[in-house]
Amino acid sequence: MTARVVTSEPPRHTVYTEAMEVFHRAAELIGLDRRVRMELEEPDYEHIFYVTVKLHTRLAPLAASDQPRYKDLTDSEVLPDGLEPLLDGSFVFKRRALINANVSMRDGVMRLKGKGLYRVVPGRPERFKAYRVQHNQARGPYKGGIRYHQDVSLDLFKVLAAEMTWKTAIADVPFGGAKGGIKVDPKTLSSEELEALTLRYMYRLKPLIGPNLDIPAPDVGTDGTIMGLLLRQFTDGERERHSLRGVVTGKDTRIGGSEGRVKATGQGLAYCIQEWYADRGATPAGSTFVVQGFGNVGSNAAEILAGMASRLLAVNDAGGTIFNPSGIDVPDLISYVYDNPSNLRRTVAGYPKAQQISKNDLWDVDADILVPAALGGEITGPVAERLKVKLVAEGANGPTTPEGDRVLAKRGIELIPDIIGNAGGVTVSYYEWIQNKRMEHWSEIEVNGRLEQAIKSNYRIIRDIARNSPRRTATHNSQRYCIGREVDMRTAAMVLALKRIEAHYQLEGFSQ
Ligand code: NAD
Numbered sequence: 487m488t489a490r491v492v493t494s495e496p497p498r499h500t501v502y503t504e505a506m507e508v509f510h511r512a513a514e515l516i517g518l519d520r521r522v523r524m525e526l527e528e529p530d531y532e533h534i535f536y537v538t539v540k541l542h543t544r545l546a547p548l549a550a551s552d553q554p555r556y557k558d559l560t561d562s563e564v565l566p567d568g569l570e571p572l573l574d575g576s577f578v579f580k581r582r583a584l585i586n587a588n589v590s591m592r593d594g595v596m597r598l599k600g601k602g603l604y605r606v607v608p609g610r611p612e613r614f615k616a617y618r619v620q621h622n623q624a625r626g627p628y629k630g631g632i633r634y635h636q637d638v639s640l641d642l643f644k645v646l647a648a649e650m651t652w653k654t655a656i657a658d659v660p661f662g663g664a665k666g667g668i669k670v671d672p673k674t675l676s677s678e679e680l681e682a683l684t685l686r687y688m689y690r691l692k693p694l695i696g697p698n699l700d701i702p703a704p705d706v707g708t709d710g711t712i713m714g715l716l717l718r719q720f721t722d723g724e725r726e727r728h729s730l731r732g733v734v735t736g737k738d739t740r741i742g743g744s745e746g747r748v749k750a751t752g753q754g755l756a757y758c759i760q761e762w763y764a765d766r767g768a769t770p771a772g773s774t775f776v777v778q779g780f781g782n783v784g785s786n787a788a789e790i791l792a793g794m795a796s797r798l799l800a801v802n803d804a805g806g807t808i809f810n811p812s813g814i815d816v817p818d819l820i821s822y823v824y825d826n827p828s829n830l831r832r833t834v835a836g837y838p839k840a841q842q843i844s845k846n847d848l849w850d851v852d853a854d855i856l857v858p859a860a861l862g863g864e865i866t867g868p869v870a871e872r873l874k875v876k877l878v879a880e881g882a883n884g885p886t887t888p889e890g891d892r893v894l895a896k897r898g899i900e901l902i903p904d905i906i907g908n909a910g911g912v913t914v915s916y917y918e919w920i921q922n923k924r925m926e927h928w929s930e931i932e933v934n935g936r937l938e939q940a941i942k943s944n945y946r947i948i949r950d951i952a953r954n955s956p957r958r959t960a961t962h963n964s965q966r967y968c969i970g971r972e973v974d975m976r977t978a979a980m981v982l983a984l985k986r987i988e989a990h991y992q993l994e995g996f997s998q
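Each residue of the sequence shown is one higher than the last, beginning at 487 in my numbering.
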C-alpha cells in the first residue's frame, strides 16, 4: 500500500475569491458562527447546462481582403422586409426576402444595393452554455437576475449570486441569492432567435425554479420582454398558471409587473444619494455627476438625479464617451439613445450637444458624484487614483475592485456600496412578487413611497454601523447591528447582511 501525500495548495485566486474578501473581513469582525460561515462560503447549487437553437441564414459583411475578387458583381435586389439588421453589422436573411428578388451571386457572395458585399452563412444549429447559481436560501426563495452576455463564467455567476444573498438581506426582503444566464452576445441574434433561446433556456431551467423556490429577474442583456417569454414558457399548460405569475419579476406592468420596477434600481440609488446629502444638511440640488453605463440603471438614475437639480457632465457607455462642462440635458440624451431608430446600439456616442472624449478622460472629470452603472471591475486602483469626485455611488454590481476600494478610502472619497446602492431593483421585485401573490396592482406612488422608506432606513442602519453610532429613531434601529468599532461603508453593509442571515441559522437551526 502506498501512502498518499496530501499537499495543501494555496487557494486559487479568482473573481469569486476576490469578491468574497469583504465577506471574510466582516465575518471575522463579528465572529460569525463557523458553520454559518461555511454555509455561506460556497453556493448551495451550481447548475451548468447547454441550450441549442437553430440560427437562421445570415448575410455577413465580406472581409475587406476578399472584396477585390467580387468587384464586378452586380447589385442584387431583395425585399428589404426580409432582411433583419443585427447589431454586429450582419443581416438575418428571411425567405420572404426572395419574393420578386433579382439575385446575382458568386461563391455565396452577393452585393446588396447601397450596402456592399455580403457572404451568405447558411442557417445552422448552435449550442450555448447556460448557468443558474443558487447561493443561499436561509432567508427565503433564491432570487436573482438573468444575464445574457458573452463574458460570463461560473465564477462570475457565483460572485453575482452571493451578492444577491447579501443584497436581499440588506434590503430586508424575504429572499436568498441566485444569478444565472447564457454565454451569448444578444446583439448577434435576431429577435426570433433570442426568443427561441429564451424559451429553450426556461425549458431546461424549469425543474430548478418556481415562485416559491427561485425567482429570476432582468439583468444585463435581458428585459421585461424576455421576462414575459420566461413566464409563458414556465406556465404553459399549467392548470393554475395565474398563480405562478410570481415566478419571474421585472415583467411588463400589463402582465403582472409592478409600477416603478423599470426605474427602481436608479430610483433606489437616487434615494441613497439624497440621504448622503441629507446627512450633511444638504440636498443634491446644484451638485454635478458623471455616469458610466446608460442602460436601465444609468439612464434612470441620471434622469432622477437631474430631477433633483443635479447636473450631468459626462457619460461613458460601450459605444463611447461624451462630455459637456455646462451640463447635459438628460431627457434629450435619453431620447437620442432610445427613441432614435438609427441608433441601433443605443449608445450616447455621437450625441451632438456634447464633446466626444475618450473613456480614459471620463475618470478625470471634476464632479461631485460618480455613478458607475455598467459592468464590474471598472474602478481599479489606478482609476481610483485619478478620480476627482467626492462620492462614488455604485449602481453596477461590483464596479470597484478591492484595490480600488483601498485607494478610495486612502483618498477620502466616500462610497455608497452596490449592495445598498442598487438594492432598489430587488426591493421592488419583492413588491411585484407580493402583488402577484395577492393579485393586486399598486400605484407608482405607493411603490415609491415604500421603496424610499425601505432604502433610506436600511441605508441609515449601514451608516450607523460604519460610524459605530447605535441609534433607535422613528425610521430605523441600528442598535442590534453596530459592532463596537468604526468600519468602512462596504464592510458595514456586509455586517448588516451577515447579522440578518445569521439570525435565521441561530433561531431556526440547521436542517439535517
Ligand atoms: P443594461 O444592459 O441596461 O446597460 C448596461 C450599460 O452599460 C449600457 O449603457 C452599455 O453600453 C454599458 N456598458 C457595457 N459594457 C461597457 C463597457 N465595457 N464600458 C462602458 N460601458 C459599458 O444593464 P443595466 O440593467 O443597466 O445594469 C447595469 C449594471 O447594474 C450591471 O452591473 C447590473 O448587474 C447592475 N444592476 C442592474 C439592476 C437592474 O435592475 N437592471 C439591478 C441591480 C444591479
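The beta-carbon is built from N, C-alpha and C at its ideal position, and this holds for glycine as well.
No experiment lies behind these values; they were computed from the predicted model shown.
Check                                                                                                                      : Outcome
Cβ contact check for the segment 496 to 514 and the segment 537 to 556: 3 or more pairs under 8 Å                          : no
C-alpha distance - PRO885 paired with ALA546, whole-angstrom precision                                                     : 35 Å
Heavy atom of ligand 1 within 6 Å of ASN786 beta-carbon                                                                    : no
Sequence ranges, beta strand (DSSP E) only - wholly within the segment 764 to 795, length at least 3                       : 774 to 778
Per-residue DSSP class, three states only, for THR488                                                                      : Reliability fails at THR488, whose pLDDT of 49 lies under 50, so the model's placement of it is uncertain and the value that follows must be treated cautiously. Coil, per DSSP.
Contact set for VAL933: own chain, Cβ-Cβ below 7 Å, skip 5 residues either direction                                       : SER744, GLU745, GLY746, VAL914 and TYR917
Under the three-state DSSP convention, the category PRO903 falls into                                                      : coil
For SER576, three-class secondary structure by DSSP                                                                        : coil
Beta-carbon proximity list for ARG523, same chain, < 8 Å, skipping 5 on both sides                                         : ALA513
Any non-hydrogen atom of ligand 1 closer than 6 Å to LEU675 Cβ                                                             : no
Length of the line joining the Cα atoms of ARG936 and TYR967                                                               : 23 Å
Runs of beta strand (DSSP E) lying entirely within the segment 811 to 862, each at least 3 residues, in chain order        : 841 to 843 and 855 to 858
Short Cβ contact (7 Å threshold) for ARG555 with VAL607                                                                    : no
Cut-off 6 Å between Cβ atoms - residues of its own chain near MET506, not counting five sequence neighbours on either side : none
Sequence-distant residues of the same chain with beta carbon closer than 8 Å to LYS673, five excluded per side             : LEU572, LEU573, ASP574 and ARG831
Own chain residues within Cβ distance below 6 Å of LEU731, not counting five before or after                               : The residue asked about is misnamed: residue 731 is Arg in this sequence, not Leu. Only GLY742 and ASN922 meet the Cβ criterion.
PHE643 burial status per 10 Å Cβ neighbour count (16 or more: buried)                                                      : buried
Rounded C-alpha distance that separates PRO770 from SER785                                                                 : 17 Å
Identity of the residue in VAL501, ILE931, ILE865 and ASN829 nearest LEU646 by Cα                                          : VAL501
Residue nearest to PRO611 in terms of C-alpha spacing, selected from VAL589, LEU683 and ARG605                             : LEU683
Of the listed residues GLY779, ARG613 and TYR628, nearest to GLN620 (C-alpha basis)                                        : TYR628
Reference GLN842; option with closest CA among LEU873, LEU799 and GLU525                                                   : LEU799
Euclidean distance between Cα positions of LYS737 and LYS557                                                               : 50 Å
Closer than 6 Å: ASP574 CB and nearest ligand 1 heavy atom                                                                 : no
Pairwise C-alpha distance: THR807 and LEU755                                                                               : 22 Å
C-beta contact flag for GLY779 and ALA909 at 7 Å                                                                           : no
Cα-Cα separation between THR651 and ASP904, rounded to whole angstroms                                                     : 13 Å
Validate contact between the segment 701 to 716 and the segment 677 to 692 using beta carbons, cut 8 Å, 3 pairs            : yes
MET506 (DSSP reduced to helix, strand or coil)                                                                             : coil
Nearest-angstrom Cα separation, counted from LEU569 out to TYR531                                                          : 42 Å
Stretch pair the segment 841 to 858 + the segment 815 to 829: three plus CB contacts closer than 8 Å                       : no
Supposed contact pair ARG618 and HIS533 - C-beta distance, whole angstroms, cut 8 Å                                        : 4 Å
LYS839 to ASP825 span [Cα, whole Å]                                                                                        : 16 Å
Spatial distance of GLY805 from ALA960 (CA atoms)                                                                          : 46 Å
Supposed close pair ARG949, ASP765 - CB separation, criterion 8 Å                                                          : 7 Å
6 Å Cβ shell around ASN954 - same chain, five flanking residues per side excluded                                          : CYS968, ARG971 and GLU972
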